[in-house]
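Line by line, the protein sequences give chains A and B. For the first sequence, position 17 matches number 87 in our numbering, and the numbering has no gaps at all. For the second sequence, position 127 matches number 197 in our numbering, and the numbering has no gaps at all. Remarks on the structure that follows.
Number of protein chains: 2
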Amino acid sequence: MLNFSREKYLKVTGGAIGLREEIEKVADKVFEKGFKNIFLIGSGGAVATFYPFEYMINSTSTIPAYAEIAAELVLQNNKQLTEESLVILSSLSGTTEETVAAAKYCKQLGATTIGLTGEYNQPLADTVDYPLVNFAENDFASDSNQLVLYQLIFKLMNKNGDFPRYEEFAAQLEILPEKLIEAKEKFEPKAENFAVTYKDEPYHMVVGSGTTWGRAYSYAMCVLEEMQWIKTKSIHAAEFFHGTLEIVEEDTSMLLLKGQDDTRPLMERVERFAEKYTKKLTVIDTAEYELAGISEEFRKYLSPIVTSTLLQRLSVHLEDKRNHNLEIRRYYRTVAY
Amino acid sequence: MLNFSREKYLKVTGGAIGLREEIEKVADKVFEKGFKNIFLIGSGGAVATFYPFEYMINSTSTIPAYAEIAAELVLQNNKQLTEESLVILSSLSGTTEETVAAAKYCKQLGATTIGLTGEYNQPLADTVDYPLVNFAENDFASDSNQLVLYQLIFKLMNKNGDFPRYEEFAAQLEILPEKLIEAKEKFEPKAENFAVTYKDEPYHMVVGSGTTWGRAYSYAMCVLEEMQWIKTKSIHAAEFFHGTLEIVEEDTSMLLLKGQDDTRPLMERVERFAEKYTKKLTVIDTAEYELAGISEEFRKYLSPIVTSTLLQRLSVHLEDKRNHNLEIRRYYRTVAY
Chain A
71 MLNFSREKYL
81 KVTGGAIGLR
91 EEIEKVADKV
101 FEKGFKNIFL
111 IGSGGAVATF
121 YPFEYMINST
131 STIPAYAEIA
141 AELVLQNNKQ
151 LTEESLVILS
161 SLSGTTEETV
171 AAAKYCKQLG
181 ATTIGLTGEY
191 NQPLADTVDY
201 PLVNFAENDF
211 ASDSNQLVLY
221 QLIFKLMNKN
231 GDFPRYEEFA
241 AQLEILPEKL
251 IEAKEKFEPK
261 AENFAVTYKD
271 EPYHMVVGSG
281 TTWGRAYSYA
291 MCVLEEMQWI
301 KTKSIHAAEF
311 FHGTLEIVEE
321 DTSMLLLKGQ
331 DDTRPLMERV
341 ERFAEKYTKK
351 LTVIDTAEYE
361 LAGISEEFRK
371 YLSPIVTSTL
381 LQRLSVHLED
391 KRNHNLEIRR
401 YYRTVAY
Chain B
71 MLNFSREKYL
81 KVTGGAIGLR
91 EEIEKVADKV
101 FEKGFKNIFL
111 IGSGGAVATF
121 YPFEYMINST
131 STIPAYAEIA
141 AELVLQNNKQ
151 LTEESLVILS
161 SLSGTTEETV
171 AAAKYCKQLG
181 ATTIGLTGEY
191 NQPLADTVDY
201 PLVNFAENDF
211 ASDSNQLVLY
221 QLIFKLMNKN
231 GDFPRYEEFA
241 AQLEILPEKL
251 IEAKEKFEPK
261 AENFAVTYKD
271 EPYHMVVGSG
281 TTWGRAYSYA
291 MCVLEEMQWI
301 KTKSIHAAEF
311 FHGTLEIVEE
321 DTSMLLLKGQ
331 DDTRPLMERV
341 ERFAEKYTKK
351 LTVIDTAEYE
361 LAGISEEFRK
371 YLSPIVTSTL
381 LQRLSVHLED
391 KRNHNLEIRR
401 YYRTVAY
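What follows is the structure, given as structure tokens:
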């Protein structure tokens with residue numbers, strides 16, 4: 071695969087899986103202390119990674135979960151955030167200003183804080199009660215983060231009596247990175263073809279629902295806009311029919327992220343519409359990837375990581391065919407604002 | 071003002087204000103029965119109108135609030151939605167399929183349901199426990215809905231001990247429609263100028279935060295996309311700096327909806343950025359409108375309705391200058407899908 075190091079990918083994802091013992095100890099401790107709700111806090115791609123977990127907690131567990139934008143949370147005076155909250159924050163570099171400020175804010179309120187990050191000795195790890203650190207380069211950070219979250223969140227739900235099959239789930243996560251590489255390999259020709267076909271496309275509509283909505287939101291914002299400077303609209307499949315559909319013409323590029331959770335019918339409806347009204351339809355469907363050894367009933371939870379792992383391949387090919395390096399920024403950490 | 075009937079506007083908003091006694095009776099009844107959280111459910115513009123109220127409840131009250139997309143909610147199996155939930159749904163026509171389905175779903179779960187709608191003898195009013203009906207044409211529906219919600223939600227918060235000044239607030243709502251007309255009048259030249267300047271603009275970025283985020287989301291989707299077939303990106307002010315900023319060039323149209331809640335600094339940051347990097351910046355700032363007789367401390371709650379009332383004027387002028395009727399649809403209720 072183009073610009074892909076199997077070794078590096080397995081090292082990063084293996085690092086995340088390798089945290090299991092530490093993660094479960096943290097889960098035991100925070101559960102013993104007790105909490106009445108979970109806040110998932112980040113900025114940009116980090117908060118977007120939390121959206122599927124907010125969805126999964128709310129549909130699996132009786133513990134209320136709230137994914138919140140760091141910079142807004144510190145201003146809102148959210149009354150649900152108290153010393154009885156469990157707060158999980160995420161920043162790869164550990165230096166994202168707003169997220170570090172949110173961590174300090176939550177600590178001041180007396181909440182219990184866990185920080186997911188790639189770096190020790192940086193502000194996030196130094197601020198939170200429980201840092202969970204796994205080094206990850208930018209391109210694999212999302213998969214790494216998700217693997218940590220699958221262990222942490224599902225262990226917490228297990229302890230709460232909401233997810234009895236945690237042991238089996240966690241054991242299957244160990245083989246998941248190899249299966250995700252197989253999925254990437256299967257997707258590779260499609261990724262290349264997308265990049266060749268759409269390299270000059272000025273606008274993409276990216277659609278998701280349920281556990282893929284956060285992935286649609288972040289792929290549009292953090293990759294197409296931020297890393298490729300292409301205009302996008304990310305839109306939830308259910309909301310698509312209440313406005314955004316009207317701008318679809320036969321040359322409108324639509325990228326559909328179809329997962330396997332209970333909201334799949336919402337994506338199927340958009341797909342049927344798109345098949346009729348645009349010639350530029352791309353569907354990424356997690357159901358097309360085998361993931362041998364993963365139980366059928368866990369696939370709905372894994373839709374976001376399967377989606378994000380495939381989308382990484384799209385990014386690599388867009389970078390290549392568009393001759394636009396994924397690391398270039400006009401403004402972010404380049405100019406002051 | 072172009073295509074504006076003062077009489078009609080006062081009739082519709084007066085109808086909403088006139089529901090006060092009925093609304094408060096409903097609030098008394100549901101409060102007496104008791105509930106542990108509030109779900110605010112709609113589709114498209116209706117759910118977007120709820121977003122500011124979700125934000126305001128969570129920053130003012132200890133009652134947890136969740137704004138949810140109707141079509142997703144009925145599939146998600148959200149564990150927070152129980153017979154102890156108070157559910158508020160909204161559909162102007164009373165026929166929005168997904169919203170009616172959600173009302174039935176919530177009733178089956180045993181939740182208490184309130185329906186905001188413009189029509190009696192339609193499915194929404196016929197399904198919910200408490201219909202609150204105020205006839206409103208499409209262009210004034212959002213203001214009507216918000217006036218009903220200010221009375222209902224703030225009365226509920228008052229009864230919960232979170233908002234002691236409800237009587238004063240409700241009394242001021244009575245003079246608000248006149249003040250909103252004055253605001254529209256002041257905004258009129260700016261609205262016309264926007265439409266003249268940007269009538270051929272193919273793309274707008276619409277930015278909001280806190281209580282204006284829902285307005286940014288819906289103006290982009292329900293007016294610019296649905297009613298004018300113009301591409302948009304709606305983006306939260308805090309999230310703007312984590313991706314979307316990279317596509318800003320000197321000819322990128324940015325429409326900023328600046329309110330007066332605690333997240334105003336987030337909008338100011340985007341404004342400072344936009345002033346530097348684009349020549350096409352429009353700021354709608356609720357602070358520029360006097361609203362004589364409205365207490366300073368209530369203005370943060372009223373930012374969404376001030377914003378939406380001004381944006382209606384933008385729509386009327388876009389329709390006129392672009393020669394594109396706001397009622398035309400390519401697909402919605404035109405073709406089957």
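Just so it is clear, CB atoms sit at the ideal spot from N, CA and C, and this is done for glycine as well.
Cross-chain neighbours of A:I139 in chain B, by beta carbon under 8 Å: Residues of chain B passing the Cβ test: H306, A308, E309.
For A:H306: DSSP bridge partner residues: DSSP lists A:G278 as the bridge partner or partners of A:H306.
Pick from B:G231, B:R235, B:K99 that is closest to B:T183, judged by C-alpha positions: If we check each option's Cα against that of B:T183, B:K99 comes out closest.
Three-state secondary structure assigned by DSSP to A:M129: Met is not the amino acid found at residue 129 of chain A; the sequence shown has Ser there. Under the three-state reduction of DSSP output, A:S129 falls in the helix class.
Chain-ordered neighbours of A:Q150 on chain B, where CB pairs are closer than 7 Å: Within chain B, the residues near A:Q150 are N128, P134.
Residue interval of the beta strand (DSSP E) (run including B:A137): Boundaries of the beta strand (DSSP E) harbouring B:A137: 135-139, taken from the DSSP string.
Pairwise C-alpha distance: B:F120 and B:L159: So the two alpha carbons sit approximately 9 Å from each other.
Rounded C-alpha distance that separates A:A135 from B:K256: About 43 Å.
For A:K370, the first and last residue of its enclosing alpha helix (DSSP H): Here the alpha helix (DSSP H) through A:K370 covers 369-392.
Three-state class that DSSP yields for B:L190 in the structure shown: The sequence given here places Tyr at residue 190 of chain B; Leu does not occur at that position. In the structure shown, the three-state DSSP call for B:Y190 is coil.
Under 8 Å between C-beta atoms of A:F109 and A:E138: With contacts defined as CB atoms closer than 8 Å, A:F109 and A:E138 qualify as a contacting pair.
Short CB-CB distance (under 8 Å) between B:L217 and chain A: Taking 8 Å as the CB threshold, B:L217 stays off the interface with chain A.
Separation of B:Y175 from B:V198, as counted between CA atoms: Looking at the backbone, the Cα of B:V198 and that of B:Y175 are separated by about 11 Å.
Beta-ladder partner(s) of A:F109, from DSSP: In DSSP, A:F109 forms a bridge with A:Y136, A:V157.
Inter-residue CB distance, A:L151 and A:T169 (contact presumed, cutoff 8 Å): The pair is not a contact, with the Cβ atoms about 15 Å apart (cut-off 8 Å).
Bounding residues of the beta strand (DSSP E) (the contiguous stretch that carries B:V324): Before going further, note that residue 324 of chain B is Met rather than Val in the sequence given. Boundaries of the beta strand (DSSP E) around B:M324: 323-328.
B:P259 - containing alpha helix (DSSP H), residue span: It spans 236-268 - the alpha helix (DSSP H) in which B:P259 sits, taken as one unbroken run.
Rounded C-alpha distance that separates B:K349 from B:V318: Straight-line spacing of the CA atoms in B:K349 and B:V318 works out to 10 Å.
Terminal residues of the beta strand (DSSP E) in which A:L202 lies: Boundaries of the beta strand (DSSP E) harbouring A:L202: 200-203, taken from the DSSP string.
Span separating the alpha-carbon of A:K225 from that of A:E94: Distance between the alpha carbons of A:K225 and A:E94: 7 Å.
Contact with chain B by A:C176, beta-carbon distance below 8 Å: Chain B contact via Cβ: absent.
Contacts of A:D332 in chain B (Cβ-Cβ under 8 Å): Neighbours of A:D332 on chain B, chain order: L145, Q146, N147.
Distance CB(B:K254)-CB(B:I364) smaller than 8 Å: For the pair B:K254 and B:I364, the CB atoms are not nearer than the 8 Å cut-off.
According to DSSP, residues forming a beta bridge with B:I354: Looking at the DSSP output, B:I354 shares a beta bridge with B:L327.
The region 281-291 of chain A in contact with the region 264-272 of chain B per 3-pair CB rule at 8 Å: Not touching, per the Cβ criterion.
Within-8 Å CB hit, A:R342 to chain B: Chain B contact via Cβ: present.
Any chain B beta carbon closer than 8 Å to A:E296: By this cut-off, A:E296 is an interface position.
Alpha-carbon to alpha-carbon, A:L380 and A:K78: A:K78 and A:L380: Cα-Cα distance of roughly 16 Å.
Separation of B:E320 from B:G164, as counted between CA atoms: The straight-line gap from Cα to Cα measures roughly 44 Å.
Counterpart residues of B:G185 in DSSP-defined beta bridges: Its beta-bridge partners are B:L159, B:P201.
A:E94 CB to nearest heavy atom of the ligand NAP below 7 Å: Of the ligands one can find in the structure shown there are none, so the ligand NAP has no counterpart to examine.
A:V293 to A:K346 span [Cα, whole Å]: Cα-Cα distance, rounded: 28 Å.
Assigned secondary structure, B:Y175 (DSSP; H/G/I helix, E/B strand, else coil): Looking at B:Y175 - three-state DSSP - the assignment turns out to be helix.
Residue range of the unbroken alpha helix (DSSP H) whose run includes B:A286: For B:A286, the enclosing alpha helix (DSSP H) begins and ends at 283-288.
Residues that B:E316 contacts on chain A, provided the C-beta gap is smaller than 7 Å: Under the 7 Å cutoff, chain A gives E295, E296, W299, R399, R400, Y401, Y402.
With 16 other Cβ atoms within 10 Å as the buried cut-off, status of A:R342: Exposed, by the Cβ-count rule.
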